[in-house]
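Asker:
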Amino acid sequence: MNPQMYLVASTGDSSFFDRLTDSDSTLLQVTTEKNTVLHIAVQFKKYEVAEKIVCLSRCLAKQTNSKDNTPLHVAAKVGDPQMVRFLIDHAEDRDVETGARQLLHMVNLEGDTALHIAVQYDLYDIASHILSATPECSCAGRHGMNVLHALVIQTSSYFVRKVMEKYPFTIKQGDDSGWTPLHIAAQMGNKKYVKLLLENDNSPAYVKNNEGLSTFHIATKKGDVNVMEELITRSPYIYELYIALLDNMGQTALHAAVESGNHEAVSFFLRRPEFEVLINKQDKEGNTPMHLAAIKGYDHVVHLLEKVKGLDLNAKNKEGFTTLDHLLLQKEDISKKIRNYMIKRRIRMKGAQRSLMGALLKLGIREAGVGKGMAGSDSVKEENQNNLLLDDKGTARPDYVKGVSQTNLLIATLIATVTFTAAFTVPGGYHQNQGEDEGLAVFGKRASFRAFLIANTLAFGLSITSILVHFYASLGWGGVAFRKSASRGSFISTYHAIIAMQVAFISGTYTVVPNSLGITAAFILYFLFSITLWGLILFRRAGKANSLGITAAFILYF
Numbered sequence: 008m009n010p011q012m013y014l015v016a017s018t019g020d021s022s023f024f025d026r027l028t029d030s031d032s033t034l035l036q037v038t039t040e041k042n043t044v045l046h047i048a049v050q051f052k053k054y055e056v057a058e059k060i061v062c063l064s065r066c067l068a069k070q071t072n073s074k075d076n077t078p079l080h081v082a083a084k085v086g087d088p089q090m091v092r093f094l095i096d097h098a099e100d101r102d103v104e105t106g107a108r109q110l111l112h113m114v115n116l117e118g119d120t121a122l123h124i125a126v127q128y129d130l131y132d133i134a135s136h137i138l139s140a141t142p143e144c145s146c147a148g149r150h151g152m153n154v155l156h157a158l159v160i161q162t163s164s165y166f167v168r169k170v171m172e173k174y175p176f177t178i179k180q181g182d183d184s185g186w187t188p189l190h191i192a193a194q195m196g197n198k199k200y201v202k203l204l205l206e207n208d209n210s211p212a213y214v215k216n217n218e219g220l221s222t223f224h225i226a227t228k229k230g231d232v233n234v235m236e237e238l239i240t241r242s243p244y245i246y247e248l249y250i251a252l253l254d255n256m257g258q259t260a261l262h263a264a265v266e267s268g269n270h271e272a273v274s275f276f277l278r279r280p281e282f283e284v285l286i287n288k289q290d291k292e293g294n295t296p297m298h299l300a301a302i303k304g305y306d307h308v309v310h311l312l313e314k315v316k317g318l319d320l321n322a323k324n325k326e327g328f329t330t331l332d333h334l335l336l337q338k339e340d341i342s343k344k345i346r347n348y349m350i351k352r353r354i355r356m357k358g359a360q361r362s363l364m365g366a367l368l369k370l371g372i373r374e375a376g377v378g379k380g381m382a383g384s385d386s387v388k389e390e391n392q393n394n395l396l397l398d399d400k401g402t403a404r405p406d407y408v409k410g411v412s413q414t415n416l417l418i419a420t421l422i423a424t425v426t427f428t429a430a431f432t433v434p435g436g437y438h439q440n441q442g443e444d445e446g447l448a449v450f451g452k453r454a455s456f457r458a459f460l461i462a463n464t465l466a467f468g469l470s471i472t473s474i475l476v477h478f479y480a481s482l483g484w485g486g487v488a489f490r491k492s493a494s495r496g497s498f499i500s501t502y503h504a505i506i507a508m509q510v511a512f513i514s515g516t517y518t519v520v521p522n523s524l525g526i527t528a529a530f531i532l533y534f535l536f537s538i539t540l541w542g543l544i545l546f547r548r549a550g551k552a553n554s555l556g557i558t559a560a561f562i563l564y565f
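Sequential numbering from 8 applies to the sequence shown in the working numbering.
#1: In three-state terms, what does DSSP make of Y174?
#2: Of the residues S274, Y13, F24 and Q180, which one's Cα is nearest the Cα of L312?
#3: Can you name the start and end residues of the alpha helix (DSSP H) that V315 belongs to?
#4: What alpha helix (DSSP H) runs, 4 residues minimum, are completely inside the region 291–316?
#5: From L277 to A264, what does the alpha carbon distance come to, in whole angstroms?
#6: Determine the burial state of D132: buried for a count of at least 16 other Cβ atoms within 10 Å of its Cβ, exposed for fewer.
#7: To the nearest angstrom, how far is it from the Cα of Q441 to the Cα of L447?
#8: Please specify which runs of the alpha helix (DSSP H), each continuous and at least 4 residues long, are wholly inside the region 237–287, giving them in chain order.
#9: By Cβ distance, which residues of its chain are closer than 8 angstroms to I137, with the 5 residues on each side in sequence left out?
#10: For G567, which residues from the same chain have a beta carbon less than 6 angstroms from its beta carbon, with the 5 sequence-adjacent residues on both sides left out?
#11: Is it buried or exposed, D231, if we count other Cβ atoms within 10 angstroms and call 16 or more buried?
#12: Under three-state DSSP, which class holds A212?
#13: Between I505, K314 and L205, which has its C-alpha nearest T240's C-alpha?
#14: Got a sec? Which residues, its chain only, sit under 8 angstroms from F459 by beta carbon, not counting five neighbours each side?
#15: How long is the line joining the alpha carbons of I286 and N217, rounded to whole angstroms?
#16: Measuring straight from C-alpha to C-alpha, what distance separates H97 and S139?
#17: Taking buried to mean at least 16 other C-beta atoms within 10 Å of its own C-beta, is G522 buried or exposed?
#18: Counting only the same chain and skipping the five closest in sequence on each side, list residues whose C-beta sits under 6 angstroms from that of T419.
#19: Using DSSP with H/G/I as helix, E/B as strand and the rest coil, what is Y131?
#20: Name the residue from V214, K228, T426 and N321 whose alpha carbon lies nearest to the alpha carbon of L252.
#21: DSSP three-state call for T402: helix, strand or coil?
#22: Output the boundary residues of the alpha helix (DSSP H) element that contains N463.
#23: Work out the CA separation of E266 and A493 for me, nearest whole Å.
#24: What does A448 pair with, by DSSP beta-bridge criteria?
#25: Tell me whether E247, by its Cβ, gets closer than 8 angstroms to a heavy atom of the ligand MN.
#26: Can you tell me the Cα-Cα spacing of S450 and G436, whole angstroms?
#27: How many angstroms separate the CA atom of G86 from the CA atom of A193?
#28: Between Q177 and N197, is the Cβ-Cβ spacing less than 9 angstroms?
#29: Tell me which residues share the same chain as F498 and place their Cβ nearer than 6 angstroms to its Cβ, disregarding the 5 neighbours each side in the sequence.
#30: Which residue wins for smallest C-alpha separation from H224, given the options I250, N209 and K199?
#31: For G401 and R490, I'd like the C-alpha separation in whole angstroms.
#32: Can the beta-carbon of T222 be found closer than 9 angstroms to that of L238?
#33: Would you mind working out which of E271, D254, E58 and F24 sits nearest K229, comparing C-alpha positions?
#34: CB-CB under 6 angstroms to F456, same chain, minus the five flanking residues each way: which ones, in chain order?
#35: Quick check: the Cα distance between V114 and L220, rounded to an integer number of angstroms?
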């Protein structure tokens, strides 16, 4: 575009256009962004210039730039109501109504009409004029969203009603994901909009999105009790309709509430006897709401559901697992152990039993792979697999591993206790006489005493390390691989703490009885016995060929 042309259009020098004719090619020049001279005039709100340009060349009113924006899109974006009215009233077609309809249906690269742009920028006076300009205007927008979707997001109740009255079909119209304006209102927790959209017709409440979720499902997942209350008060027959509504996984709204873990949403159902029939409903994977609560590890939800009369605690899903199976197979951190114990005890008292499949999995006889369909969604399946006590090969971890871990913790605790006490009750005691040495160890200058202090301190430090590692492993961080490595590290720390404690005992004894031949002989015999015992153990584990080398390495280690 000629720089002079751009300058006069942007500054509003209308006299320049008095010298032009409708056949002048100067009007057809465009910028690098393909903006016409009319785009420029509209962008800078130069009404007189725009008026003269349209009079000279009406076709420019529908000319698009590189982003497919017409001058009307630009006028709506800059918020110029006068310019919007002018462009609609002077559409190219001689039949103004037909020309305006064509202009109002034009969309840019983002899929927006001028009406959408006006709504997005809260320019409702402009949007009102566009709506009233013709009997029809395009309601479609980006991602399949109509103007009512945009209005619900922008929260303009006045204009929502106006669009509903002129285009009632937009209430049930879904976007590319099947979400209607009512779905969005429920997701946003906007009770006022939910009430408004259902003012004349309840049927939009039963429309499902592409995932099979109704408005009630969405409000339930969100845990918005106010919206849920509004939805169930629309009709006396509403309970029957909502009970029958299932998503693509065959899950009811109670399943959705349980899977969200929202206490208020679950309580909402349990307070209403009309929804009692949902308590034992199974989804496509055979999971009841109680199954999902156990799979997700929601103890508070299990606690709520187990009080419901008529609950079938022994219902099995398609993999043959009961609720108790999931509770017993899930991992437990320290904070959950006591609460889970009480829940398991209560539901057992109410008749809950383990299934054969769950017992086999717990014992490691059955592979965990059979549980791949244990939940109704991929996220629940993954969470359930992570919650099971499994080893790296995919089978249930044997109970003896847990027993060994507890034994290790007990030994480490005993060592920490003994070495802590020994640090303050040293061999030989303390100087009691007043003077420079008062309160110091009697044998503080002996080498054997110093060896005792070093070994005792090492034993205490290693045992505390073992306890801390065991504690972190019990929290379940990092998955099976981390817990396995942590357990191994805990065992190694405890083992070396035992050796350090032995050294502390030997050096402490030598401190108080330095020249005893009998004690020396006893220590030598004990040392030889330990080497022999370890040699036999390693011989059985490594085989005859490797046992001598391992035993020799063990001797060098000591």
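We treat Cβ as the ideally placed atom computed from N, Cα and C, and that holds for glycine.
Answerer: Once the coordinates are examined:
#1: coil
#2: S274
#3: Element bounds for V315: n/a, residue is neither H nor E.
#4: 296–303 and 306–312
#5: 11 angstroms
#6: exposed
#7: 11 angstroms
#8: 245–251, 260–267 and 270–277
#9: A83, V91, I95, L111, A121, L122, A125 and C144
#10: Since the first residue shown for the chain is 8 and the last is 565, residue 567 is missing from the structure and cannot be characterised.
#11: buried
#12: helix
#13: L205
#14: V433, P434, A511, S514, G515 and T518
#15: 25 angstroms
#16: 15 angstroms
#17: Here residue 522 turns out to be Asn, not Gly, going by the sequence shown. With fewer than 16 Cβ atoms within 10 Å of its Cβ, N522 is classed as exposed.
#18: Reading the sequence as shown, one finds Ala at residue 419 and not Thr. Excluding sequence neighbours, A419 sits near S470, S473, I474 and T501.
#19: helix
#20: V214
#21: With a pLDDT of only 40 at T402, under the threshold of 50, the placement of this residue in the model should not be trusted; the figure read from the coordinates follows. Three-state DSSP puts T402 in a strand.
#22: A454 to S481
#23: 32 angstroms
#24: Y437
#25: Questions concerning the ligand MN fall outside what the structure shown contains, since it holds no ligand whatsoever.
#26: Inspection of the sequence shows that residue 450 is occupied by Phe rather than by Ser. Going by the C-alpha atoms only, they are around 8 angstroms apart.
#27: 30 angstroms
#28: This sequence places Thr at residue 177; Gln is not what is there. Not closer than 9 angstroms, so no.
#29: N415
#30: I250
#31: With a pLDDT of 38 at G401, under the threshold of 50, the modelled position of that residue is not reliable, and the figure given next carries that caveat. For G401 and R490, the distance between alpha carbons rounds to 15 angstroms.
#32: yes
#33: E271
#34: F450 and T518
#35: 30 angstroms
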